[in-house]
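Protein sequence lines correspond, in order, to chains A and B. For the first sequence, UniProt numbering gives the first residue as 1, with consecutive numbering after it. For the second sequence, UniProt numbering gives the first residue as 1, with consecutive numbering after it. For each residue, glycine too, the CB sits at the ideal point set by N, CA and C. Quantities reported herein were computed from a predicted structural model and do not represent experimental measurements. The structure appears below as structure tokens.
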Amino acid sequence: MPRDADELLDLLDLETIDDNLFRGSQQPSNLVRVFGGQVAAQALVAADRTVDDSYVVHSLHSYFLQPGDTKARIVYDVERLRDGRSFATRRVLARQHGRPIFALTADFHRPEPGRDHQDLMPEVPAPEDCIDPQALIRGRDGEFNEWDAVDFRYIGSSHDLLPPDPERPGRQRFWLKVAGQLPDGPPLLHTAAFTWLSDMTVMGAALAPHGLRLGGPHTLVASLDHTVWFHHPLRADEWLLYDQVSPVASGARGLVTARVFSRDGVLVASVAQEALLRPLDAPSEDSGEDA
Amino acid sequence: MTEVAGPLSGQDAVDELVGLLDLETIDVDLFRGQTLDTGRSRVYGGHVAAQALVAGVRTVDPGFHVHSLHSYFLLAGDPKLPIVYDVERIRDGRSFATRRVAARQHGKPIYYLTASFQREEAGFDHQDAMPPAAAPEDGLDFIALMKSRGNTEADQLGREWAALDGRWVGNSKHGLPVDDARPSRAQMWLRVAGRLSDDPLEHTAAFTYASDISLLGASLAAHPIPAHQAQMASLDHTIWFHRPFRADEWWLYDQWSPSASGARGLSLGRVFSRDGVLVATVAQEGLIRPPRGYELP
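Written out as structure tokens, the structure reads:
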């Protein structure tokens with residue numbers, strides 16, 4: 001995983017192999033599989049490379065197919081689905097060792113005016129007043145941390161610090177941003193960097209009602225899909241409120257929908273993710289190899 | 001070429017829908033679905049989504065059940081022609097299978113759907129509580145409501161959706177309590193207007209068919225524009241299926257639009273069975289262009 005904003009920039013800069021064919025680099029990582037946000041962000045960059053600059057990405061829908069190998073570079077193969085007057089659509093298959101590991105479809109829109117509304121940003125404590133969970137980790141061993149290029153501040157979940165809401169048992173809130181500074185543009189850089197961030201912490205909201213945390217020993221968590229709708233331009237290196245709700249878990253799957261607010265209250269993006277949440281204490285005939 | 005469909009209602013319309021959702025097999029992983037010409041200029045999006053899902057299901061082992069679909073609408077479908085569904089097998093794992101379906105007409109893709117299927121397993125369970133809502137018996141018939149609001153397509157839509165029973169409960173402008181934190185909301189009840197068989201696929205497909213109704217309207221609930229006067233088109237359509245349920249019994253479509261900007265609105269819908277079980281979640285982004293001549297603030 002990148003250790004700072006510069007290494008993140010390297011990760012988001014793909015090598016062009018041929019028309020519509022790209023390759024993404026890897027950073028050293030001890031994760032057992034490639035971080036999903038990295039594959040999603042690189043795939044988005046690949047799609048954007050094939051689209052005229054006057055179109056701006058407004059949504060991406062993706063499925064994780066196989067765990068990515070952190071030691072091998074990833075090939076991104078772009079298929080042009082549509083080039084319309086207002087919209088352009090691309091599908092990207094991410095491959096390693098000849099096998100698809102991830103499939104993403106993204107849609108691009110030529111900016112146009114319309115009517116606006118948005119949900120109000122909830123009242124939350126400032127990032128300066130929240131816990132830095134990484135400081136706790138670093139305090140323990142001080143060694144290389146996979147998440148050094150990110151700043152997190154934990155606001156709380158429905159299991160601990162958030163006010164109780166029996167209507168919505170699965171909730172979690174974080175502040176997060178890229179640690180350090182990114183260049184001002186192009187806008188896709190921030191969109192892609194946010195896509196990278198957006199796969200972090202999400203599933204905690206689905207575990208909260210069960211008194212569990214991400215990274216705990218009792219649950220296998222594997223993202224199944226990942227969706228982002230981009231509503232307004234954003235900066236990934238300034239604090240973003242990640243307001244997550246898990247409306248449901250059932251059948252070893254949990255769904256989280258999330259709203260992303262800039263610090264001044266603009267709803268800049270919405271995210272949805274479903275993940276496999278497999279209790280590890282229960283007997284299982286499946287090793288999780290193909291989760 | 002098809003002829004413009006004649007009047008139909010009740011169980012006959014439901015049987016017609018069941019027939020439309022039963023595809024003809026052309027070859028391995030290649031299917032064809034009939035359209036219904038009601039005089040509208042394009043195929044209803046839920047029709048394409050439901051047929052594409054059925055095409056995907058046909059290529060998956062019956063031990064796997066669909067748990068999600070993500071799709072993009074690319075071109076308006078032609079209601080005078082059948083639609084070809086071409087299935088690509090993306091993954092066949094032990095626990096999950098994934099399919100991509102391209103819907104084509106006139107040799108061009110009009111719609112792409114990716115769906116994921118899971119072998120049944122047990123795990124954690126929780127859900128949002130069902131929000132308060134007026135009973136379906138107290139709601140307004142959705143087609144009658146369209147007519148009363150002067151929607152010139154109401155008769156055609158009434159024919160298109162003859163297999164469905166929809167009762168409008170309210171939105172942020174009328175009927176629902178004001179909520180400044182979530183300014184754009186809507187609720188309606190829906191069900192298939194007759195009996196389906198006990199085959200779960202009939203229910204999943206019929207629900208998918210119905211799920212494209214009204215959802216985009218939630219993005220307009222915060223704005224003083226009648227839905228039929230805006231130029232609206234679904235851009236994407238996503239469903240997560242959480243639990244099995246019957247599409248021929250009432251379900252509450254609790255809709256909310258967190259954001260509209262740049263001529264696009266995002267709507268999310270939670271689907272509850274009448275006894276309060278959260279059975280599905282739906283997301284849709286749509287293009288919402290104000291009526292011609294309308295001054296933006």
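| Check | Outcome |
| --- | --- |
| Cutoff 8 Å: D61 of chain B Cβ touching any chain A Cβ | no |
| Near-chain B residues of the segment 225 to 249 of chain A (beta-carbon distance less than 9 Å), N- to C-terminal order | D225, T227, W229, H231, H232, V245, S246, P247, V248, A249 |
| Straight-line gap, residue 335 of chain B to V228 of chain A (C-alpha atoms, nearest Å) | The structure shown does not extend to residue 335 of chain B, since chain B spans only 1 to 297, so no value can be given for it. |
| Below-8 Å beta-carbon distance, S273 of chain B vs any chain A residue | no |
| Spatial neighbours of residue 292 of chain A in its chain, beta-carbon cut-off 7 Å, leaving aside the 5 residues before and after | Nothing about residue 292 of chain A can be read from this structure; chain A reaches only from 1 to 291. |
| Enclosing beta strand (DSSP E) for K177 of chain A [first to last residue] | 170 to 178 |
| The segment 114 to 133 of chain A in contact with the segment 246 to 259 of chain B per 3-pair CB rule at 8 Å | yes |
| Interface flag, R278 of chain A vs chain B, CB-CB below 8 Å | yes |
| Continuous alpha helix (DSSP H) stretch holding F142 of chain B: start and end | 142 to 148 |
| A272 of chain A: contacting residues in chain B (beta-carbon distance under 9 Å) | T238, W240, L268, T281, A283 |
| Short-range partners of chain A found in the segment 116 to 130 of chain B, where Cβ spacing is below 8 Å | S116, Q118, E120, E121, A122, G123, F124, D125, H126, Q127, D128, A129 |
| CB contact check: A103 of chain A to chain B, cutoff 8 Å | yes |
| 8 Å Cβ cutoff met for H67 of chain B and F117 of chain B | yes |
| R191 of chain B versus Y253 of chain B - alpha carbon distance | 10 Å |
| Cα-Cα separation between R213 of chain A and L161 of chain A, rounded to whole angstroms | 14 Å |
| Contacts of A13 of chain B in chain A (Cβ-Cβ under 8 Å) | The premise fails here: A13 of chain B is roughly 31 Å from chain A at the closest Cβ pair, so nothing lies under 8 Å. |
| Within 8 Å, strictly: CB atoms of S270 of chain A and L266 of chain B | yes |
| Within the UniProt domain "Acyl-CoA thioesterase-like C-terminal" (144 to 276) of chain A, ranges of the beta strand (DSSP E) (whole runs, at least 3 residues) | 150 to 157, 170 to 178, 219 to 223, 225 to 230, 240 to 250, 253 to 262 |
| Neighbouring residues, chain B, relative to R153 of chain A (Cβ below 7 Å) | Here the premise fails: no neighbours, minimum Cβ distance about 22 Å. |
| DSSP-derived helix/strand/coil call for L280 of chain A | coil |
| Minimum C-alpha distance to R40 of chain B - residue among B:A5, B:G56, B:S71 | B:A5 |
| Below-8 Å beta-carbon distance, Q96 of chain A vs any chain B residue | no |
| Positions along the segment 160 to 192 of chain B whose CB lies within less than 7 Å of some CB in chain A | D180, A181, R182, P183, S184 |
| Three-state secondary structure (DSSP) of T204 of chain B | helix |
| Contacts of L235 of chain B in chain A (Cβ-Cβ under 9 Å) | H58, S59, F87, D107, H109 |
| CA nearest to the CA of P169 of chain A, picked from B:G175, B:F207, B:D125 | B:D125 |
| Proximity test, Cβ basis, 8 Å: residue 299 of chain B and chain A | Since the first residue of chain B shown is 1 and the last is 297, residue 299 of chain B is not available in this structure. |
| Unbroken beta strand (DSSP E) run spanning E79 of chain A, endpoints | 74 to 83 |
| Helix, strand or coil at S211 of chain B [DSSP, three-state] | coil |
| Members of the segment 256 to 272 of chain A that neighbour chain B once the beta carbon cut-off is set at 7 Å | T257, R259, L267, S270, A272 |
| Three-state secondary structure (DSSP) of Q229 of chain B | helix |
| CB-CB length for M1 of chain A against S29 of chain A, believed under 8 Å | 5 Å |
| Rounded straight-line distance, which links the Cα of T70 of chain A to that of Y76 of chain A | 15 Å |
| Pairwise C-alpha distance: G276 of chain B and Q11 of chain B | 26 Å |
| V260 of chain A versus Y242 of chain A - alpha carbon distance | 5 Å |
| Contacts that A222 of chain B makes with chain A (C-beta to C-beta distance below 7 Å) | H117 |
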